[in-house]
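Trainee: Numbering (our numbering), first residue to last: 518 to 886.
Written out as structure tokens, the structure is:
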């Protein structure tokens, strides 16, 4: 019966993540064009603004993610998830209607302030997962992200042919559907006996980061996770700009390529990880994932054609074995009532890389183009 309940809860949260990421994926192929239109500049110049847009989101998320994580430990995961989705909707509407680049920054700031959907989803999964299945179940977040990026960017690339603002309205509609789904269907995962009072000292983003090292195994894994996410922004923050600049791709081609990225992520984190991790063990799975991820960055840097970029997505996606496995190891060291605090702290740590990474990578892209 417990297994059935766990499976049902995971289905609910997977659908929530999927709809969330489809909305995000819809806007990615057209964002460079919209920024270029608003600043009346080149793709290279747009990349620099794109990095600072990600910065504005990340700095707000860094401050507020631990607060929302603590609130989810007190009030449950469901209400915090609904607040997060509402913030995303406001962001997309502001971006769709933006007359100046400042509107984009304002929308991103609101989205970052309420941006706790992945934090809450991680805590939700930790709530309902048995210890031996945590790593595999955390892979559902990656799978939902992957499937969302199969569907979303392709739709965004197609809609972008009719104007760079149309996909943002579509994304806002997806968020509305997701919010309604969460309100009427998504059950609460945190029982009252596992909740704890909210304390401001635990909601401090800096102290939240410090508390990540309170368990011996976590300190090294937190460092590895930090470097993993920081490196990832070399492609995440520049993919659309890089492929448009180097290979003259249009929105539809960017959308298709991101759809391929999503497909590979879904295969690896939604299925392959469940086979590989139990067979080779968590430590070896992390080593394999990190090695392949590093190789993929070198291949992307020297790709002579767009077709090879698509091929090199394969080792990059296989590198996704590392992240969920590391996350599962860390979650296994924390009591159930502290999962929200842990995931909030991890989100704050990832937000630090999001503060540093996109600005650094897009500035390098701008400088060398």
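Virtual Cβ for every residue (Gly too), placed ideally from N, Cα, C.
Return the CA-CA distance between residue 806 and residue 616, expressed in angstroms with no decimal places.
Mentor: One C-alpha to the other measures close to 43 angstroms.
Trainee: Put residue 765 into one of helix, strand or coil per three-state DSSP.
Mentor: Coil.
Trainee: Tell me the rounded alpha-carbon separation between residue 618 and residue 879.
Mentor: Each residue's Cα considered, the two are about 17 angstroms apart.
Trainee: Can you tell me whether residue 695 is helix, strand or coil according to DSSP?
Mentor: Correct three-state label for residue 695: helix.
Trainee: Does the Cβ of residue 518 have 16 or more other Cβ atoms within 10 Å, making it buried, or fewer, making it exposed?
Mentor: The predicted position of residue 518 is uncertain, since its pLDDT is 38 and thus under 50; no value can be drawn from it.
Trainee: Can you list, in chain order, the residues of its chain with a C-beta nearer than 8 angstroms to that of residue 591? Leave out the 5 residues immediately preceding and following it.
Mentor: Closer than 8 angstroms at Cβ, skipping near neighbours: 712, 713, 714 and 715.
Trainee: Between 827, 779, 764 and 754, which lies nearest to residue 870 when the distance is taken from Cα to Cα?
Mentor: If we check each option's Cα against that of residue 870, 754 comes out closest.
Trainee: Say whether the segment 636–646 touches the segment 760–772, bearing in mind that this needs 3 or more beta-carbon pairs closer than 8 angstroms, one atom from each stretch.
Mentor: At 8 angstroms Cβ cutoff, the stretches do not touch.
Trainee: Write down the C-beta distance between residue 722 and residue 579 rounded to the nearest angstrom, noting that I regard them as a contact closer than 8 angstroms.
Mentor: That belief holds up - the Cβ atoms of residue 722 and residue 579 are roughly 5 angstroms apart, short of 8 angstroms.
Trainee: Hey, could you find the ends of the alpha helix (DSSP H) residue 842 is sitting in?
Mentor: 839–848 is the span of the alpha helix (DSSP H), which, as asked, contains residue 842.
Trainee: Compute the Euclidean distance between the alpha carbons of residue 868 and residue 574, then round it to the nearest angstrom.
Mentor: The straight-line gap from Cα to Cα measures roughly 9 angstroms.
Trainee: If we count Cβ pairs, one from each stretch, closer than 8 angstroms, do we get three or more for the segment 667–685 versus the segment 825–837?
Mentor: The segment 667–685 vs the segment 825–837: no contact.
Trainee: In this structure, does DSSP put residue 557 in helix, strand or coil?
Mentor: Reduced to three states, the DSSP call for residue 557 is coil.
Trainee: If we ignore side chains and look at the alpha-carbon of each, how far apart do residue 608 and residue 797 end up?
Mentor: Their Cα atoms are separated by approximately 42 angstroms.
Trainee: In this structure, how does DSSP classify residue 820 when only helix, strand and coil are distinguished?
Mentor: Residue state, collapsed to three classes: coil.
Trainee: I need the DSSP call for residue 791, collapsed to helix, strand or coil.
Mentor: Helix at residue 791.
Trainee: With H, G and I counted as helix, E and B as strand and the rest as coil, what does DSSP make of residue 718?
Mentor: DSSP places residue 718 in helix when its eight states are reduced to three.
Trainee: Comparing C-alpha positions only, which one of 546, 810, 785 and 795 sits nearest to residue 679?
Mentor: The option with the nearest alpha carbon to residue 679 is 546.
Trainee: Cβ atoms of residue 526 and residue 663: under 7 angstroms apart, would you say?
Mentor: The answer is no: Cβ separation not under 7 angstroms.
Trainee: Indicate the three-state DSSP secondary structure (helix, strand or coil) for residue 645 in the structure shown.
Mentor: Residue 645 falls in the helix class under three-state DSSP.
Trainee: Less than 7 angstroms separating the beta-carbons of residue 665 and residue 538?
Mentor: Contact flag set, yes.
Trainee: If we call anything under 7 angstroms between Cβ atoms a contact, is residue 785 one with residue 839?
Mentor: Cβ atoms of residue 785 and residue 839: not closer than 7 angstroms.
Trainee: Buried or exposed, going by whether 16 or more other CB atoms sit within 10 Å of the CB of residue 860?
Mentor: Residue 860 comes out buried.
Trainee: If residue 656 sits next to residue 791, beta carbons under 8 angstroms apart, how far is it from one beta carbon to the other, in whole angstroms?
Mentor: At roughly 7 angstroms, the Cβ-Cβ gap stays under 8 angstroms, so residue 656 and residue 791 are in contact.
Trainee: Could you check whether the Cβ of residue 853 sits closer than 6 angstroms to any heavy atom belonging to the ligand PLP?
Mentor: Within the structure as shown, the ligand PLP is missing, as the structure has no ligands at all.
Trainee: Can you round the beta-carbon distance between residue 601 and residue 632 to whole angstroms, since I take them to be within the 8 angstroms contact cut?
Mentor: Right, the Cβ-Cβ distance comes to about 6 angstroms (below 8 angstroms), so this counts as a contact.
Trainee: Identify every run of the beta strand (DSSP E) within the segment 567–622, keeping only runs that are complete inside it and at least 3 residues long; order them along the chain.
Mentor: Whole beta strand (DSSP E) segments, 3+ residues: zero.
Trainee: Give me, in chain order, the residues of the same chain whose beta-carbon lies closer than 7 angstroms to that of residue 577; leave out the 5 immediate sequence neighbours on both sides.
Mentor: Counting only Cβ-Cβ distances below 7 angstroms, and skipping sequence neighbours, we find 626, 629 and 630.
Trainee: For a quick check, are the C-beta atoms of residue 610 and residue 689 less than 7 angstroms apart?
Mentor: Contact: yes.
Trainee: Restricting to Cα atoms, I'd like to know which of 649, 823, 694 and 708 is closest to residue 850.
Mentor: Minimum Cα distance to residue 850 is reached at 649.
Trainee: Please name the residue in 541, 844 and 752 whose C-alpha comes closest to that of residue 815.
Mentor: Closest option to residue 815, Cα to Cα, is 752.
Trainee: Within 10 angstroms of the Cβ of residue 697, are there 16 or more other Cβ atoms? Answer buried if so, exposed if not.
Mentor: Counting Cβ neighbours within 10 Å, residue 697 comes out exposed, since fewer than 16 surround it.
Trainee: Is residue 624 helix, strand or coil when you go by DSSP?
Mentor: Helix, per DSSP.
Trainee: Which word fits residue 645, buried or exposed, when buried means at least 16 other C-beta atoms lie within 10 angstroms of its C-beta?
Mentor: Classification for residue 645: buried.
Trainee: Should residue 699 and residue 599 be called a contact, given that it needs their Cβ atoms to be closer than 7 angstroms?
Mentor: Their beta carbons are under 7 angstroms apart, which means residue 699 touches residue 599 by this criterion.
Trainee: Go ahead and pull the three-state DSSP assignment for residue 532.
Mentor: In this structure, residue 532 counts as helix in the three-state DSSP scheme.
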